[in-house]
Amino acid sequence: MIPTTTMRPTTTMRPTTAMRPTTTMKHTTTMKPTTTTTEEPVGRYIDIGDCKHAFKTIIPFKYNTSFETGSNFMGWKNYGWLRNRGETPSHMTGPEQAAVGNYYMYMEASSPAQPGQQVVLETDKDLSGCFCFHLAHHHHVRYFGSGIRTMRHELRVMAGDEVLLTKYLPANEWKDYFVQIDSEQLIKLKIIAKRGRTWIGDTAIDNLYLFPGSCPDTE
Numbered sequence: 001m002i003p004t005t006t007m008r009p010t011t012t013m014r015p016t017t018a019m020r021p022t023t024t025m026k027h028t029t030t031m032k033p034t035t036t037t038t039e040e041p042v043g044r045y046i047d048i049g050d051c052k053h054a055f056k057t058i059i060p061f062k063y064n065t066s067f068e069t070g071s072n073f074m075g076w077k078n079y080g081w082l083r084n085r086g087e088t089p090s091h092m093t094g095p096e097q098a099a100v101g102n103y104y105m106y107m108e109a110s111s112p113a114q115p116g117q118q119v120v121l122e123t124d125k126d127l128s129g130c131f132c133f134h135l136a137h138h139h140h141v142r143y144f145g146s147g148i149r150t151m152r153h154e155l156r157v158m159a160g161d162e163v164l165l166t167k168y169l170p171a172n173e174w175k176d177y178f179v180q181i182d183s184e185q186l187i188k189l190k191i192i193a194k195r196g197r198t199w200i201g202d203t204a205i206d207n208l209y210l211f212p213g214s215c216p217d218t219e
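Following the working numbering, the numbering of the sequence shown begins with 1 at its first residue and continues without gaps.
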């Protein structure tokens, strides 16, 4: 007996569909800080909004100083001012201490200084717009009368030759002065002390700083 029919499978079963992921999950957003805090750049234009030339304000903060750092006075050019700590060399003719910190600048009225002699502290010509300038001033005398005008202190803003602050009368203590500047052009600041007729009374300055906007009302 020989089989007449060989039985074999007529259909091979195999998957007709391969199952694959249809969606690949990816991060579509990277979270980053939205605000970065950085130090204000020197000479940045600042829009104050109050003064006429606020949009042109440039105030290099290098000029803020209380003279604690030696001969480099934060960008100020010095012509004749002396740096000191404690009393001035001529007893009872100047401040006993600085207004802020340990050091201040002063003009020595004793010999060899002569009547009319001046000392100057000035910035570069790189300031403009709306800002306030502060300084502490000490003008010492041992008596009044003929000694009242022994020293002349001027604060001059060089937009032309405009003088914004002039002080003659002595004040045997540190006093704060705020000077408003609003200039369209680049200017320089000058602090000038001028010797009077006698050696009685030194003048001193300390704690110089600038800030954008209007000066405080000190009346």
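Quick reminder that beta carbons are idealized off the backbone N, C-alpha and C, glycines included.
Beta strand (DSSP E) segment containing residue i, residue limits
i	result
N84	82-85
P95	Run containing P95: none; DSSP gives neither H nor E here.
T203	203-212
K125	Where K125 is concerned, there is no enclosing beta strand (DSSP E), given that its DSSP letter is neither H nor E.
N78	77-79
When the options are compared against residue i, the one with the closest alpha-carbon
i	options	result
D124	E173, F211, F55, K190	K190
A136	A99, W81, P95, M107	A99
C215	F133, N102, K194, E184	F133
W76	Y103, Y63, K194, R195	Y63
G129	G116, I58, D206	I58
L127	A204, D182, I205, N207	D182
W81	N207, K175, V119	V119
K175	T203, E184, R195, Q185	T203
R195	H140, R83, Y177	H140
Assigned secondary structure, residue i (DSSP; H/G/I helix, E/B strand, else coil)
i	result
K188	strand
K56	helix
F61	helix
E108	coil
N172	strand
F131	strand
F73	coil
F67	coil
Q117	coil
S90	coil
D182	strand
H138	strand
Alpha-carbon spacing of residue i relative to residue j, whole angstroms
i	j	result
A193	Y103	18 angstroms
F221	K188	As shown, the chain starts at 1 and ends at 219. That puts residue 221 outside it, with no answer to give.
A54	L210	14 angstroms
Y79	T69	17 angstroms
Y106	D217	27 angstroms
S71	Q180	28 angstroms
Q97	L121	20 angstroms
G101	F67	8 angstroms
K56	S90	45 angstroms
Q185	G116	30 angstroms
Whole-angstrom C-beta distance between residue j and residue i, which should lie under 8 angstroms
i	j	result
H138	E108	Going by Cβ atoms, the distance from H138 to E108 rounds to 14 angstroms, so no, they are not a contact pair.
T88	M74	Wrong, their Cβ atoms sit about 22 angstroms apart, outside the cutoff.
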